[in-house]
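Structure first, then comments.
Residue numbers (my numbering), protein chains in the order written: chain A, 1 to 113; chain B, 114 to 229.
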């Protein structure tokens with residue numbers, strides 16, 4: 001049973017447009033949700049997070065939206081840049097689990113110049 | 114400040130051989146983790162250590178052992194490698210952020226392991 005799902009393996013957008021990456025989860029006990037970005041041959045790096053008590057968190061070009069009733073979150077990148085091309089992982093964690101995170105399978109974003 | 118370092122970067126093993134993957138962090142984090150990533154899949158937790166002296170199983174612990182040598186170092190051992198353990202292995206350490214109380218993980222560059 002995969003608790004965190006990213007149903008789109010890939011997404012291609014034009015430079016300057018909006019990128020929307022989606023993530024669904026099944027475990028209502030998750031307290032935090034995170035997005036990580038991964039370039040080839042590197043480890044993932046933290047991008048942005050949101051607490052389950054909020055519905056939006058913004059950091060520069062990146063905004064994460066959480067719909068708790070639908071168990072759905074999305075990452076918006078506006079405007080998209082070629083350097084944003086990477087694999088994006090959605091992750092979830094519970095407050096009491098010492099940071100253990102459950103990851104989705106990732107979405108490969110390609111931003112075309 | 115190197116962050117999280119992993120050695121080796123790449124390794125080829127024959128079935129049945131053993132090896133230890135090394136991980137060290139210089140950020141004074143209490144929690145450390147080992148994940149594996151298979152093609153087209155996300156990261157799956159093998160083992161984690163919430164603090165020095167403690168280790169716990171994650172989602173896919175079979176075939177692996179770990180040692181939290183001290184606060185800085187967390188090693189992963191394959192006693193008898195199998196082709197199914199061909200993967201990319203990531204070590205991470207974690208800190209709870211001041212704002213929002215989320216645990217943010219910092220990852221090493223990974224070890225690519227091929228078991229023939």
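Note that the Cβ used here is the ideal one computed from N, Cα and C, for glycine as well.
Boundaries of the beta strand (DSSP E) in which residue i is found, first to last residue
i, result
"residue 30 (chain A)", "Counting along the chain, residue 30 (chain A) falls outside any beta strand (DSSP E), and DSSP gives it neither H nor E."
"residue 58 (chain A)", "56 to 59"
"residue 6 (chain A)", "Element bounds for residue 6 (chain A): n/a, residue is neither H nor E."
"residue 228 (chain B)", "224 to 228"
"residue 112 (chain A)", "107 to 112"
"residue 91 (chain A)", "86 to 93"
DSSP state of residue i mapped onto helix, strand, coil
i, result
"residue 198 (chain B)", "helix"
"residue 24 (chain A)", "strand"
"residue 169 (chain B)", "strand"
Cβ of residue i within 9 Å of any chain A Cβ
i, result
"residue 187 (chain B)", "no"
"residue 121 (chain B)", "no"
"residue 209 (chain B)", "yes"
"residue 177 (chain B)", "no"
Cutoff 9 Å: residue i Cβ touching any chain B Cβ
i, result
"residue 42 (chain A)", "yes"
"residue 81 (chain A)", "no"
"residue 105 (chain A)", "yes"
"residue 95 (chain A)", "yes"
"residue 9 (chain A)", "yes"
| Going along the segment 149 to 164 of chain B in order, which residues come within less than 7 Å of chain A, judged by CB to CB distance? | 153, 154, 155, 156, 158, 161, 163
| message | For the structure I just gave you, are there three or more beta carbon pairs, one from the segment 133 to 147 of chain B and one from the segment 202 to 209 of chain B, closer than 8 Å? | response | Segment contact: the segment 133 to 147 of chain B against the segment 202 to 209 of chain B, three or more CB-CB distances shorter than 8 Å; contact assigned.
| According to a CB-to-CB cut-off of less than 7 Å, which residues of the segment 15 to 39 of chain A neighbour chain B? | 32, 34
| task | For the segment 216 to 227 of chain B and the segment 58 to 76 of chain A, state whether three or more C-beta atom pairs, one from each stretch, are separated by less than 8 Å. | result | Contact annotation: the segment 216 to 227 of chain B does not touch the segment 58 to 76 of chain A, with fewer than three C-beta pairs closer than 8 Å.
| said: Along the segment 212 to 229 of chain B, where does the CB come closer than 8 Å to a CB of chain A? Name the residues. | reply: Residues of the segment 212 to 229 of chain B that bring their beta carbon within less than 8 Å of a beta carbon in chain A comprise 213, 214, 215, 216, 217, 218, 219, 220, 221, 222, 223, in sequence order.
| Residues, ordered as in the chain, of the segment 134 to 149 of chain B that lie near chain A by beta-carbon distance below 7 Å | 144
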